[in-house]
Amino acid sequence: MPYPQKNLNDNETIALDMHPHWWYFAEPALVLVGAIVIGVVVLFETDDGSNWRKSFGWVAIAALVVAALWLVGRYMKWISTNFVITSQRLIFRQGIIAKTGIEIPLERVNNVNFSQGIIERMLGAGDLLIESGGEDGQQRFTDIRHPDQVQNMIHSQMEQVARRRGAYSAAAAAPAQGGSVPEQLERLEGLLQRGSITQEEFDAQKRKLLG
337 MPYPQKNLND NETIALDMHP HWWYFAEPAL VLVGAIVIGV VVLFETDDGS NWRKSFGWVA
397 IAALVVAALW LVGRYMKWIS TNFVITSQRL IFRQGIIAKT GIEIPLERVN NVNFSQGIIE
457 RMLGAGDLLI ESGGEDGQQR FTDIRHPDQV QNMIHSQMEQ VARRRGAYSA AAAAPAQGGS
517 VPEQLERLEG LLQRGSITQE EFDAQKRKLL G
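Be aware that the sequence shown starts at 337, since it is given in our numbering, and climbs by one per residue.
See below:
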């Protein structure tokens, strides 16, 4: 399920919204396949009514049930897990009823690293380690799809945040640059049209100019 739009701030847009990589299902899937293999071997390679067949048959059934429940649980967790990059922050949400979440403003992100094992690199999966100026300091996000591309996207959004802050500072200094009110409004409108400032920032500066 996608991240709810209603949870976004004003003028905030989503750049990326994704669930964990399918590698997230590897462990329960392997157990499920193993249980099926054991069941097939027991069925075709042991004598009818033998104690070995009965014993391993029950083991295979138990493993099959456990693996199936594990896989269903993983799926429910997967579908309710979102890693989101917006124009303002990084968001991690998990859970349907009992929910947990992490939010990191992009302006507080100091460093973004990723790591991949050999198999993860072949499959396009990996982990992200994000260092920020917040209380938690470091956050590791696992089973990220194409973490190198996600890293680049985070850096791109961080650059846009920095540009908007610079443009907003320039807009705030517009009255000090002189000129008539219409001229100053024209400069602000130019910044708005180029996407350098948001509509909210434009309205705030406009109110200051018009008193």
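Glycine included, each C-beta is placed from N, C-alpha and C at the ideal position. Every value quoted in this text rests on a predicted model; they were computed, and no experiment measured them.
DSSP places residue 457 in the uninterrupted alpha helix (DSSP H) bounded by 454-459.
Counting only unbroken stretches of 3 or more residues, the beta strand (DSSP E) elements lying wholly within the segment 397-473 are 418-422, 425-430, 436-441, 445-451 and 461-468, in sequence order. Residue 364 is positioned such that its CB atom lies closer than 8 Å to that of residue 403. With contacts defined as CB atoms closer than 8 Å, residue 353 and residue 418 qualify as a contacting pair. If you check the CB distance, residue 396 and residue 420 do not come in under 8 Å.
Counted as a single uninterrupted DSSP element, the stretch harbouring residue 337 is not any beta strand (DSSP E), since DSSP gives it neither H nor E.
Nearest in C-alpha terms to residue 478, of all of 489, 341 and 466, is 466. Distance from the CA atom of residue 428 to the CA atom of residue 462, rounded to whole angstroms, is 16 Å. Excluding its 5 nearest sequence neighbours in each direction, residue 425 has C-beta neighbours in its own chain below 7 Å: 439, 440, 441 and 442, listed in chain order. For the set 431, 401, 400 and 492, the Cα lying nearest the Cα of residue 415 is the one of 431.
The C-alpha of residue 522 lies about 57 Å from the C-alpha of residue 362. Residue pairing by DSSP puts residue 350 in a beta bridge opposite 422. CA-CA distance, residue 350 to residue 536, rounds to 18 Å.
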